[in-house]
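Protein sequences appear in the order of chains A and B. Note that the first sequence covers residues 110 to 243 in our numbering. Note that the second sequence covers residues 2 to 21 in our numbering. Beta carbons are placed, not taken as given, at the ideal position from N, Cα and C, and that holds for glycine. Only one structure is covered here, and it is reproduced in the block below.
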Amino acid sequence: PTPPYLRWAESLHSLLDDQDGINLFRTFLKQEDCADLLDFWFACSGFRKLEPNNSNEEKRLKLAKAIYKKYILDNNGIVSRQIKPATKSFIKDCVMKQQIDPAMFDQAQTEIQAMMEENTYPVFLKSDIYLEYT
Amino acid sequence: IDSEDDLLQECISSAMPKKK
C-alpha cells in the first residue's frame with residue numbers, strides 16, 4: 110500500500126483527508142505565519158455541517174459571527190487578504206441581516222482553497238519539513 | 002456559555018477527519 114506521506118503529494122484533498130498530513134501541513138503553515146488559512150478552511154467545512162434546525166439557530170448565528178470576526182473583518186488578516194471584496198461583503202451582509210445559510214462561507218472557502226492549491230501546498234511539498242518527514 | 006474561541010475550535014475539529 111502507498112504510504113500516507115506519498116498520498117499527501119497527490120492532491121490538497123488527500124493531504125487534508127489525513128490527520129497526520131493536516132498536522133504536518135499546519136506546522137509548516139505556522140512557520141510561514143499563515144495557519145489561519147487552514148483553520149478557516151476547516152471552520153467553513155464545520156459550519157456547513159451544522160444542519161439548520163430550531164435548536165441550533167443561536168449557535169449557528171454565534172459561530173457565523175465568530176468566523177466573520179476572526180478571519181474576515183480584519184482586512185489585514187491573511188485570510189481576509191485572499192478573499193475577494195464581493196465575497197467579503199456578501200458574508201458581511203449575511204451576518205448583519207442574520208441570514209445564516211449553511212453555504213454562506215462556500216465561496217470564501219473556495220477562494221482560500223484555490224490559493225492553497227496554487228501557493229502554500231506546492232511550497233509545502235518542497236519544504237524541509239515535508240522532505241524530512243518522508 | 003461557550004466563548005467564541007471554544008465554538009470556533011469545536012467547529013474546526015468537527016470538520017477534521019477522524020484518526021484512522
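Give the range of the alpha helix (DSSP H) segment to which residue i is assigned.
i        : result
Ala212/A : That residue, Ala212/A, is in no alpha helix (DSSP H); it is neither H nor E in DSSP.
Ile13/B  : Glu5 to Ala16
Ser189/A : Ile187 to Gln191
Ile181/A : No alpha helix (DSSP H) contains Ile181/A, which DSSP labels as neither H nor E.
Thr136/A : Gln128 to Gln140
Lys197/A : Pro194 to Met205
Lys158/A : Ala144 to Lys158
Thr113/A : The amino acid occupying residue 113/A in the given sequence is Pro; Thr does not appear at that position. Pro113 to Arg116 is the span of the alpha helix (DSSP H), which, as asked, contains Pro113/A.
For residue i, which of the options has the nearest alpha-carbon?
i        : options                                   : result
Ile238/A : Ala212/A, Lys139/A and Ile192/A           : Lys139/A
His122/A : Leu147/A, Asn163/A and Cys143/A           : Leu147/A
Asn163/A : Ile209/A, Ser236/A, Phe214/A and Tyr114/A : Ile209/A
Pro18/B  : Ser198/A, Gln207/A, Glu166/A and Gly155/A : Gly155/A
Lys193/A : Phe137/A, Pro110/A, Glu227/A and Thr219/A : Thr219/A
Gln222/A : Asp142/A, Leu125/A, Asp202/A and Thr111/A : Leu125/A
Cys12/B  : Glu141/A, Leu240/A, Pro113/A and Glu160/A : Glu160/A
Tyr177/A : Ala217/A, Val232/A and Leu234/A           : Ala217/A
Val232/A : Ala118/A, Ser189/A, Glu166/A and Met205/A : Ala118/A
Gln191/A : Thr243/A, Thr136/A and Glu227/A           : Glu227/A
Phe199/A : Asn185/A, Phe214/A, Val188/A and Glu166/A : Phe214/A
Buried or exposed: which applies to residue i, given that a residue is buried once 16 or more other Cβ atoms fall within 10 Å of its Cβ?
i        : result
Thr229/A : buried
Ala175/A : buried
Ala212/A : exposed
Asp183/A : exposed
Lys201/A : exposed
Leu240/A : exposed
For a contact meaning CB atoms closer than 9 angstroms, what does residue i contact in chain B?
i        : result
Phe151/A : Cys12, Ile13, Ser14, Ser15, Ala16 and Met17
Lys158/A : Cys12, Ser15 and Ala16
Since residue i meets chain B, which of its residues come closer than 7 angstroms, beta carbon to beta carbon?
i        : result
Gly155/A : Cys12, Ile13, Ser15 and Ala16
Lys235/A : Within chain B, no residue comes near Lys235/A; the closest Cβ sits about 24 angstroms away, beyond 7 angstroms.
Ala217/A : Here the premise fails: no neighbours, minimum Cβ distance about 15 angstroms.
Ile131/A : Met17
Asp148/A : Ile13
Ala175/A : Glu5, Leu8 and Leu9
Name, please, each residue of chain B whose Cβ falls closer than 8 angstroms to the Cβ of residue i.
i        : result
Leu172/A : Leu8, Leu9 and Cys12
Determine whether the Cβ of residue i lies closer than 9 angstroms to any Cβ atom of chain C.
i        : result
Asp183/A : Protein chains A and B are contained in the structure displayed, whereas chain C is not.
Would you call the segment 160 to 170 of chain A and the segment 123 to 131 of chain A in contact, with 3 or more CB pairs under 8 angstroms? Here the segment 160 to 170 of chain A does not lie against the segment 123 to 131 of chain A, with fewer than 3 beta-carbon pairs under 8 angstroms apart.
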